[in-house]
Amino acid sequence: MTIYKRKITNLIVGLLSAPAAAFFLLAILRYFLSPLITIIISGIAFILILYMTVFSDNIKFIIDDENKTMTYYENGKIVKEYDLKDADLSYNIKLGNSSKIDLMINGERIDCEPLGARQFEQMYHHLESLVGVEPIKLKVGE
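Written out as structure tokens, the structure is:
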């Protein structure tokens, strides 16, 4: 049984970015809006970023090698258990300023960005070994 979960660095960055984003909004909006509205908007931004960091990005995957299953958790609750025998498996990664890491399993998309690219790749290779994905062979030239 192997566990893959959110990286602690993602949590720390999120916790630090919430007050930074609120302060940035406060600094910009104070020139355009009244002090009360500026404080309200900055407070809402702070709460939303904090919520996304603590709750929305709290994911975990448990892969059971023996039974060939993967259990997907959000906020400590089981979202779904996947049978990996003959599962259709693929992924989509876009790294950069706005990273996006999606796992597609049997046509369902799971946002895996909180895992980070390195941990996601480890998990994907682990899943491949259980699913039995055959490599694509390309012929170049003759």
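Just add 37 to the spot in the sequence shown (first one is 1) and you have my numbering.
Ideal Cβ placement from N, Cα and C applies to all residues, glycine included.
The segment 150-161 makes contact with the segment 125-141: 3 or more CB pairs, one atom from each, lie closer than 8 Å.
The three-state reading of DSSP puts Glu150 in helix, counting H, G and I together. Across the set Val50, Phe92, Glu118, the C-alpha of Glu118 shows the shortest separation from the C-alpha of Thr106. Exclusion of the five residues before and after Ile138 leaves Ile130, Cys149, Glu150, Phe157 as the residues of its chain whose Cβ lies within less than 6 Å of its Cβ. Of all alpha-carbon atoms in Ser79, Ile142, Gly80, Asn112, the one lying nearest the alpha-carbon of Asp123 is that of Ile142. Beyond the five residues adjoining it in sequence on each side, Val116 comes within less than 8 Å, by CB distance, of Tyr109, Tyr110 in the same chain, given in chain order. Taken in chain order, the unbroken stretches of beta strand (DSSP E) that lie wholly in the segment 97-149 and span 3 residues or more are 106-111, 114-120, 126-131, 137-142, 145-148. CA-to-CA, the gap between Asp94 and Ile147 works out to about 12 Å. Runs of the alpha helix (DSSP H) spanning 4 or more residues and lying entirely within the segment 62-91 occur at 72-88, in chain order. By the Cβ neighbour-count rule, Tyr68 is exposed, with fewer than 16 other Cβ atoms within 10 Å of its own.
The continuous stretches of beta strand (DSSP E) do not include Lys44, and DSSP gives it neither H nor E. When the alpha-carbon of Ala55 is set against those of Asp102, Ser79, Gly144, Leu73, the nearest one is in Ser79.
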